[in-house]
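Mapping the sequence shown onto the UniProt record's numbering, position 126 (from 1) lands on 126, and the numbers just tick up by one. C-beta: ideal position from N, C-alpha, C; glycine also. The model shown is predicted, which means the values in this text are computed figures rather than measured ones. Inspection log for the structure reproduced underneath, given as structure tokens.
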Amino acid sequence: MSSPVENIHPLSGGVIQNLTDMLRRDISLGVFAPGTKLKISHVQKEYAVSAASAREALSQLSGEGYVQAVEQRGFFVTEMSEERLLDNARVRAELEALGLIWSIARQTSEWRASVVSAHYLLQEAESALQTSFRDNIIAWDERNREFHLALVSNAGSPVLLEMIGARYDLTRRFRLQAYAVDLAENTALARLQQSADEHAAIAEATLSLDAEQGAALLKAHISKNLLKSG
């Protein structure tokens, strides 16, 4: 297996944050398969870091759900059954649709502007993927997350927003792994274009304050891409 850090651009931040970002990306792209044991010594060697930095980064990823810390056994890439993954995605679709309906009901010019801004930044990230998928996929996913959260950010319910964020984060690496498979099959960019078109339609319905249409498009977008773009 080639080194996970091959062709990685320098990242901002400290050593531990850089390492955490790289491990998160490589887990997301399937360099380390679900269930794989992440030995401290292996991480230390592959990423040229200290054992303490490797342990701290893996602990952070454990808190995010990417890694499981098993007492007396070490760290393992988190596994999830397809049934549970689909269930989480279905719940996410319902929660986001509800959040959008509530947000539109309470709409403000500031909220509409935040949706426009988030969609614009997402479009920039989508364009960047055309030049380098591997280097930009994590940044794209962050912009994708920000767009989805912007849609529901005016719902007036911190509890709902926490639930939506958790559902997104729980399934993100499986979506990114699916994109990695698509990339190998030369279908990733076509799928991303389809996702971009759906985002544009969702944004248009939202800014038109059409709650019924916006919620329907959002649910269809997430449900159709349960294991893909989302």
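| task | Identify whether L95 lies in helix, strand or coil by the three-state DSSP scheme. | result | helix
| task | Pull up the distance between the alpha-carbon of H148 and that of A105, whole angstroms please. | result | 17 Å
| request: Rounded to whole angstroms, what's the CA-CA distance from L19 to Q213? Just pull it up for me. | output: 42 Å
| task | Could you tell me whether the stretch 108-122 touches the stretch 58-65, using the rule of 3 or more Cβ pairs below 8 Å? | result | no
| field | For N136 and A128, the rounded distance between their alpha carbons | value | 7 Å
| query | Expressed to the nearest angstrom, what Euclidean distance is found between the alpha-carbon atoms of A51 and S103? | reply | 46 Å
| G99: buried (16+ other C-beta within 10 angstroms of its C-beta) or exposed? | buried
| If you drop the 5 nearest sequence neighbours on each side, which residues of the same chain put their C-beta closer than 7 Å to that of G156? | W102 and R106
| said: Considering only the alpha carbon of each residue, which of R191, Q194, R24 and V43 lies closest to E142? | reply: R24
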